[in-house]
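These notes are about the structure you will find just below.
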Amino acid sequence: MRSIAGFNWANKRITRKAKETRLIGLGIESSCDETSVAIVKDASTVLAEATFSQIALHKPYAGVVPEIASRAHQEKFPYLLQEVFQKAEVSLYSLDYVAVTMRPGLVGSLLTGFITGKTIAELSGAKLIPIHHLEAHFYAILLNGHKIQYPFLGFLISGGNTALYRMDALGKMNLIGDTMDDAAGEALDKAASLLHLPYPGGPSIEQIAKQAKGKQKKKNPFPRPLHTHQNEIRFSYSGLKTALLYHLQKNPIKNEQEKAEIAFYFQQRLIEHLSNNLEKAIVQNPDLNLVIAAGGVTANQEIRKQFQEICTKYNKTLLIPALKYCTDNAAMIAALGGMYYKENMFPVAEAVSSQKGMFPLEEVTP
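Residue numbers for the sequence shown follow the numbering used here, so the first one is 90 and each next one is one higher.
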């Protein structure tokens, strides 16, 4: 009988013979403000998952406070782990691997997850697999029952990242276009704050934008980001945020309908910028027939609609994770970990990091 941070592990060791037919992995995600753990079978089937959202903790600050986030992770992990092991009805010793997010993210939050995962791996004898959080977002489609076909175009849109990647193989992420300043999700959070809407901004902006009336009869008051850079694939949202600020200073909102219209126009420009870059990436990479869009912002229904129209136009297949797996979650971490385990290719990482660079890989001979 062993314990980890108050979690009592009274499971009996099961033999290898009893688990030969399935691959069992534990995923741990704590890169930002979601404390999440999941047990996944064969890199695709979620046996159990539990996530504690810290939105309520950070809401008063209209953004994530690193110290609050790391403390919440440390407090919640024992309870979430106990919950998933009980739901999945698997033993600690039945784990083949423990996949842990190690970059990029808030260093304190990442460290909490890493220590938890490393301890479990050492106790269980499972393989510890460091996971690149951004890469994992694309592999969330495995949880929808889809298969990964290389090479593919990956479009990550979240609170901290807005970037297009060429994905040639497992562990091979080549940047095509990145943001010059702010990410799309960050811009939505700022816009929501300026409009006095609840955090997080993405869902709030989307919801109120649907209430706008007469929007087709008026000219959008906001500029098109980087509209003079016709052939370049890159993003910028700082100018759009500033334009919103100046517009509100000159034109104070008088009622909820005006607020809805402003939200609509802001969202329209933001999505237009995403769509234009997606189309350029498709045209410039004609051999990529699969597009995977992932990250929290892809939960937006208008984004999904416009991306599908673009992919249909160019005869490309579009895959987007289920809504519950768009935001940070441990199931996608476990899914990617399972892919590495199956290929006997493992990322090498000795410390957590806020950096976005990929891990070096090592091949392990079975």
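C-beta atoms are modelled at their ideal positions from N, C-alpha and C, and glycine is treated no differently.
- Query: Candidates Pro287, Gly384, Tyr288: which alpha carbon is nearest Ile230's?
  - Reply: What you label residue 230 is simply residue 141 of the sequence shown in a count that begins at 1. The option with the nearest alpha carbon to Ile230 is Gly384.
- Query: Roughly how far, in whole angstroms, is the beta-carbon of Ile409 from the beta-carbon of Ala352, given that I think they are within contact range, below 8 Å?
  - Reply: If you number the sequence shown from 1, residue 409 lands on position 320. If you number the sequence shown from 1, residue 352 lands on position 263. With 8 Å as the limit, Ile409 and Ala352 do not qualify as a contact, their Cβ atoms being about 23 Å apart.
- Mapping DSSP to helix, strand and coil, what is Pro219? Mapped onto the sequence shown, residue 219 falls at position 130. Three-state DSSP puts Pro219 in a strand.
- Message: I need the straight-line Cα distance from Asp270 to Gln238, nearest angstrom please.
- Response: For the purposes of this step, residue 270 is taken as the residue at position 181 of the sequence shown. For the purposes of this step, residue 238 is taken as the residue at position 149 of the sequence shown. Roughly 31 Å between the two C-alpha positions.
- Environment of Leu334 [buried if 16+ CB atoms lie within 10 Å]: Stepping through the sequence shown from its first residue, residue 334 is reached at position 245. The residue is exposed, with fewer than 16 neighbouring Cβ atoms inside 10 Å.
- Item | In chain order, each alpha helix (DSSP H) run of at least 4 residues that lies wholly inside the region 217-302 | 222-227, 273-283, 290-298
- Is Asn378 near Gly266, with beta carbons less than 7 Å apart? As a working mapping, residue 378 is identified with position 289 in the sequence shown. As a working mapping, residue 266 is identified with position 177 in the sequence shown. Their beta carbons are not under 7 Å apart, which means Asn378 does not touch Gly266 by this criterion.
- Message: I need the boundaries of the beta strand (DSSP E) containing Thr124, first residue and last residue.
- Response: Numbered from its first residue, the sequence shown carries residue 124 at position 35. Its beta strand (DSSP E) spans residues 123-130.
- Count the CB pairs spanning the region 127-135 and the region 160-179 that are closer than 8 Å, and state whether there are at least three. yes
- Specify the secondary structure class of Ala411 as computed by DSSP and reduced to three states. Within the sequence shown, residue 411 is the residue found at index 322, counting from 1. Reduced to three states, the DSSP call for Ala411 is coil.
- Integer Cβ distance of Thr190 from Ser119, believed to fall under 8 Å: Working through the sequence shown from its first residue, we reach residue 190 at position 101. Working through the sequence shown from its first residue, we reach residue 119 at position 30. Indeed, because the Cβ distance is near 6 Å, the residues count as touching under 8 Å.
- Within 10 angstroms of the Cβ of Arg255, are there 16 or more other Cβ atoms? Answer buried if so, exposed if not. Taking the sequence shown and counting its residues from 1, the one referred to as residue 255 is at position 166. Arg255 is buried by the Cβ-count criterion.
- Task: Ignore the nearest five residues each way along the sequence and tell me which others in Ala440's own chain have a CB closer than 7 Å to its CB.
- Result: One-based indexing of the sequence shown puts residue 440 at position 351. Here the set comprises nothing.
- Query: Does the distance from the C-beta atom of Gly116 to that of Ala419 stay below 7 Å?
  - Reply: Stepping through the sequence shown from its first residue, residue 116 is reached at position 27. Stepping through the sequence shown from its first residue, residue 419 is reached at position 330. Yes, the Cβ-Cβ distance between Gly116 and Ala419 is below 7 Å.
- Residues sharing a beta bridge with Gly116, DSSP: Here the question's residue 116 lines up with position 27 in the sequence shown. Per DSSP, Ala127, Ala188.
- Query: Among Glu123, Ala151, Phe141, Val153, which residue has its Cα nearest to the Cα of Tyr168?
  - Reply: Indexing the sequence shown from 1 puts residue 168 at position 79. Looking at the Cα atoms, Phe141 is the closest of the given residues.
- Have a look at the DSSP bridge pairing and note the partners of Val380. Taking the first residue of the sequence shown as position 1, residue 380 is located at position 291. Val380 pairs with Leu242, Leu407.
- Query: To the nearest angstrom, how far is it from the Cα of Lys148 to the Cα of Asp376?
  - Reply: For this step, residue 148 is matched to residue 59 along the sequence shown. For this step, residue 376 is matched to residue 287 along the sequence shown. One C-alpha to the other measures close to 43 Å.
- Query: So Val135 is in the beta strand (DSSP E); what residue range does that whole segment cover?
  - Reply: Against the sequence shown, residue 135 aligns to sequence position 46. It spans 134-142 - the beta strand (DSSP E) in which Val135 sits, taken as one unbroken run.
- Query: How should Asn320 be labelled, buried or exposed, when 16 other C-beta atoms within 10 angstroms of its C-beta is the threshold for buried?
  - Reply: To locate residue 320, count along the sequence shown from 1; it is residue 231. When all chains shown are included, Asn320 counts as exposed.
- Would DSSP call Pro167 helix, strand or coil? Translated into positions along the sequence shown, residue 167 becomes position 78. The answer is helix: DSSP assigns Pro167 an H, G or I state.
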